[in-house]
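Here the sequence shown stands for residues 1 to 899, where the numbers follow the UniProt record's numbering. No residue lacks a Cβ here, since even glycine has one placed at the ideal position from N, Cα and C. These numbers were taken from a predicted model, which means no experiment stands behind them. Single-structure report; data block below.
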Amino acid sequence: MDVDSSPSPGDQDVEQPTRNIQNPSDEPGTHREGRWSSEFPSDKNAGAVFQKGLTTFERIRDEEILKPGEVLGPFESEEEWELAKWLIKNVGANQMEVFLKLPIVRERISAQYRTKSDLLGLVDSLPGGVKWDCEEITIQGDCVDNNGKPLTETLELWHRDPVEIMKELVGNPLFKDVMAYEPQRLFVDAEGENRVINEMWTADWWWNLQSRLPDGATIAPIILSSDKTQLSHFRGDKSAWPLYLTLGNISKSIRRQPSSHSTVLIGYIPVGKYDCYTDKAKQFARYRVFHYCVRLVLESLAKAGREGIKMVCSDGYERWMWPILAAYVADYPEQCLVACCMENRCPICKVGRDDRGTHCETPLRDKQETLDLLRRQDNNTHTPASSKLYQELGIRHIVPPFWADLPHCNIFEAFTPDLLHQLHKGVFKDHLVKWCTAIVGEKEIDARFRAMSDYPGLRHFKNGISSVSQWTGREHKEMERVFVGLLAGAVDNRVMKAVKSVVDFIYFASLHSHTSSTLCGLQHALDEFHAHKTVFIELEARYPEHFNIPKIHSMEHYRMLIELFGSADGFNSESPERLHIDYAKDAYRASNKKDYLIQMTVWLQRQENVDRWAVFLEWMKHGSLAPDQVIDTTCIQPEEDLPLDETEDIEHLQAQVTMTKHNYKVAVKHAPALQSVAACQIVTDQRAPQFIPALAKFLRTHGGSIVPQPFDTFGLYKWIKFCLPNIPEASRHKLNNMVRAIPPIPSMGQRQAQPAVIDPALVRTGEQNKYTDSTILQGLRVAQVRVIFRLPQIYGVQSVHPLAYVEWFTPFSSPDSTSGLYSISRSTRMHQPYAEIIEVTRLVRGCHLIPKFGRHIINTWTSVNVGDICDSFFVNPYIDIHTFCALNNRMLFLTQMNL
């Protein structure tokens, strides 16, 4: 967004950019895209502009146009540049030399670089980013040599100036449309009672701090992240400790994309051997070195945060930027390291060592109090009361911590939610799944996962979960999608409520946008878990008999942190783990493994030079970035992104659906994928026994006179795709959804036969149902879509759209009071499936049905046959976050869609 402020306190003659959010002040809120917004009070001039200036690319452009020839830097032609870029990004140094010396390359490619050194010299001469510096740090240990002298070790701190990095990010025209410079508050309603929190600038931290800064200040929220990572896989102990920086001004959907280069490596914290220390002192030495090094790296940031600094922003206007450390993304051990507290304490609040399993409000740690206690410890001036408090808070003696002099920074509020380690891997996989397996039994859990019904993109654990040795965050999420329905009927009500509350909490915490309603839902889920958690101890599934678990305690702070900094998906620790590949592991592999840090920084500098120059040249060609350049703003979730084949002719159908007041886009192939399939084959292959009678009824209803016969042939489609209406809580953009009706594939050669794939869907019926009135399911019913076909012209009935043969399930009844799941079963007529032919425009979206396994699963059930053998199912609201918002939080969805 282009967000600007009132006229600046500086040059009033400067042409002001257009404001796109109005200040309602005393007037009712301004309605914009379904949201009412309120700007920060105008008298503070938040985000004020002072004068026009040159962005990063404009400065490079002005330097280049003074040189003769094309604007290609040191390269003589575009082809020469493209070859150089390909070599730098894809070929190692040794292979690069071999390639350039190949006779065919020397004879047919007239590039100015003939050797590796020539090429690297040209790349080094490109306008680069911020340069690397190295500081040697000598530490003296508590061990002595044979002469009684203390042993020492020299460490190397490689780092870059964070203020210069910030200038590069702020002034990069790449981010012009995805940056904000002032806080705002969003609301669902004009009365301002139901708040919206998503981006960092819509949350409380920015709003509260803005009032404490001078008029005309623009806050640049600094987000740091660090995570030690292993570099050598099979031998050796080579490690790196990268420190990353990004800005909260940049939209979170862009920040979490590695390809946007909006998160920048600013340093490698040294990973020493510390052999000059005794084993007892080594760990504390590492802690002190970490804080000392981060303090050095952030030295310029501390000064700029006290005085502010003028910078030209991506929109070409100069602002008075105040870089303030706002958030620190790290896993739990590193949070404790940063907070200077022991790992058996909370780095955020003062909860007691043995009280982390309780569900009660605890005061937050106080920065000034902690610093005072550290100074007393350092000066040996403790009183009995302060010494007791020092012990109770579990403070580590690190003086001074790197955050001691950072202005406007409260480090104890800066630790953002960690969805990956705290929830997906921690609370869910390491604890909840383990407890439930102890109750139900490993074999039973595995059998249920093996027999789980299919859904597009759903991971099938064909061997169960007990045999999985290496877990990823994706696999944790796949288990969460089915876990509530999988356990229904196998555990008692209290266990079911505890399981549902944890999964609900995870889904609420993962929302891309929050309202006051979703935050209440988050809190309610946490309350429910603590109300029923003791059942795991009573059933001897949890041992030892307490819940003094750091990751469970971390859930207590989620609501506060979301209200402070925005939705948790903008701070997930998955992002720095992904960045390790580019900034640590690939860089290490490009080195010769000796004195590797200096080689890694040189390699990274060259990679950045090439990436930066490529984007600059694209900007020069188009005056702005091309639509396909670097930033991907579609943000479609991988499990739901089922793209159409772009080479195929696609027919788009518009259907007005009662589920929302928005149009659904429905897409099927224009030409059927399978031609001339006989009706008798459809009945057999796709298990559609009522296909011919249902078609006959459809034809009679529409004035047809021909009776369909088993030998009649049809063109079949394999799937139908939906573009779901936008739900801000699920995604900023519309998501794709698919319903499949794929016939079985026979074996051929070494290819094994594959069974038919038949999906259920929500279908419009318009029927009244007291259990779904005034909910998102009003007028909807579930049906199995067994065949999607085009009606042949021979029948004499006009059908604009393809048709679908569906077999109905019973209408929705009251959801289960324990699991909250809707229960349905197959609908029959005269002991036959209740089937009907309908137009595909009545289909709303696919849904997932989980079989009712009961107390014990039937051994013959498999994922292939369970859909046909089982008669009763649960409608799964957890299959994706869009469905969760629509079904499990029905009233919220209705509010957002203005129904």
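Cα-Cα separation between residue i and residue j, rounded to whole angstroms
| i | j | result |
| --- | --- | --- |
| Gly-570 | Pro-689 | 50 angstroms |
| Ala-587 | Arg-255 | 21 angstroms |
| Gln-523 | Arg-559 | 7 angstroms |
| Ala-835 | Ala-488 | 29 angstroms |
| Asp-759 | Val-785 | 6 angstroms |
| Met-112 | Ile-60 | Note that residue 112 is Gln in the sequence shown, not Met. Their backbone Cα atoms lie some 23 angstroms apart in a straight line. |
| Gly-473 | Lys-425 | 7 angstroms |
| Asp-492 | His-532 | 11 angstroms |
| Met-342 | Met-321 | 35 angstroms |
| Met-166 | Asp-177 | 17 angstroms |
| Asp-504 | Glu-193 | 24 angstroms |
| Ser-25 | Asp-43 | No answer about Ser-25 holds up, because its pLDDT of 35 lies below 50 and its placement is not dependable. |
| Ser-823 | Ser-813 | 7 angstroms |
| His-733 | Ile-727 | 8 angstroms |
| His-882 | Tyr-292 | 45 angstroms |
| Pro-74 | Ser-125 | 7 angstroms |
| Tyr-181 | Ser-467 | 50 angstroms |
| Val-800 | Leu-780 | 23 angstroms |
| Cys-885 | Asp-405 | 43 angstroms |
| Lys-367 | Ile-398 | 14 angstroms |
| Glu-478 | Glu-136 | 46 angstroms |
| Pro-407 | Met-555 | 28 angstroms |
| Val-739 | Leu-519 | 32 angstroms |
Residue environment, residue i, which counts as buried when at least 16 other CB atoms sit within 10 Å
| i | result |
| --- | --- |
| Asp-871 | exposed |
| Ala-584 | buried |
| Pro-102 | Correcting the residue type first, residue 102 is Leu in the shown sequence and not Pro. Looking at its Cβ environment, which holds fewer than 16 other Cβ atoms inside 10 Å, Leu-102 is exposed. |
| Arg-306 | exposed |
| Pro-173 | buried |
| Ala-741 | buried |
| Gly-485 | buried |
| Thr-152 | exposed |
| Gly-216 | buried |
| Arg-687 | buried |
| residue 905 | Nothing about residue 905 can be reported from this structure: the residues present for the chain run from 1 to 899 only. |
| Pro-725 | buried |
| His-476 | buried |
| Ser-747 | exposed |
| Ile-692 | buried |
Endpoints, the beta strand (DSSP E) within which residue i is located
| i | result |
| --- | --- |
| Tyr-771 | Note, Tyr-771: premise wrong, no beta strand (DSSP E); not H, not E. |
| Thr-358 | Looking at the DSSP string, Thr-358 is not in any beta strand (DSSP E), and its letter there is neither H nor E. |
| Asp-133 | 133-144 |
| Ala-217 | 217-226 |
| Pro-242 | 242-247 |
| Phe-789 | 780-790 |
Residue range of the unbroken alpha helix (DSSP H) whose run includes residue i
| i | result |
| --- | --- |
| Phe-529 | 516-532 |
| Pro-384 | 384-392 |
| Ala-414 | Taken as a continuous stretch (DSSP letters only), Ala-414 belongs to no alpha helix (DSSP H), as it is neither H nor E. |
| Cys-723 | From DSSP, Cys-723 is part of no alpha helix (DSSP H) but of the beta strand (DSSP E) over 719-723. |
| Phe-616 | 596-622 |
Same chain, Cβ closer than 7 angstroms to residue i, five either side skipped, listed in chain order
| i | result |
| --- | --- |
| Ala-414 | Leu-325, Ala-326, Ala-327, Tyr-328 |
| Met-659 | The predicted model places Met-659 with a pLDDT of 33, which falls under 50 and marks its position as unreliable; any figure quoted below should be read in that light. These residues qualify, in order along the chain: Ile-776, Leu-780, Val-844. |
| Thr-818 | Asn-493, Met-496, Lys-497 |
| Val-864 | Pro-755 |
| Leu-423 | Ile-506, Ala-509 |
Nonlocal neighbours in the same chain, by C-beta distance under 6 angstroms from residue i, ignoring five residues either side
| i | result |
| --- | --- |
| Ser-300 | Asp-161, Val-163 |
| Ala-447 | Ile-857 |
Same chain, Cβ closer than 8 angstroms to residue i, five either side skipped, listed in chain order
| i | result |
| --- | --- |
| His-553 | Cys-346, Val-351, Arg-356, Gly-357 |
| Gly-123 | Before going further, note that residue 123 is Val rather than Gly in the sequence given. Same-chain partners within the cutoff: Ala-84, Ile-88, Arg-606, Asn-609, Val-610. |
| Phe-711 | Ala-678, Ala-679, Cys-680 |
Could you say if the segment 844-863 and the segment 753-773 meet the contact criterion of at least three C-beta pairs nearer than 8 angstroms? Cβ pair count under 8 angstroms is three or more, so yes.
Would you call the segment 384-395 and the segment 509-520 in contact, with 3 or more CB pairs under 8 angstroms? Short answer: they don't touch.
Given 8 angstroms as the limit, is there contact between the segment 349-367 and the segment 542-562, that is, 3 or more CB pairs closer than that? yes
Counting Cβ pairs, one atom from each stretch, are 3 or more of them under 8 angstroms apart for the segment 261-280 and the segment 364-375? no
Below 8 angstroms, can you find three or more Cβ-Cβ pairs linking the segment 848-857 to the segment 866-884? yes
Just checking, does the segment 600-617 make contact with the segment 78-95 on the three C-beta pairs under 8 angstroms criterion? yes
Answer yes if the segment 207-215 comes into contact with the segment 527-541, meaning at least three C-beta pairs across the two stretches below 8 angstroms, and no otherwise. no
Touching or not, the segment 789-801 and the segment 708-717, by the rule of three or more beta carbon pairs under 8 angstroms? yes
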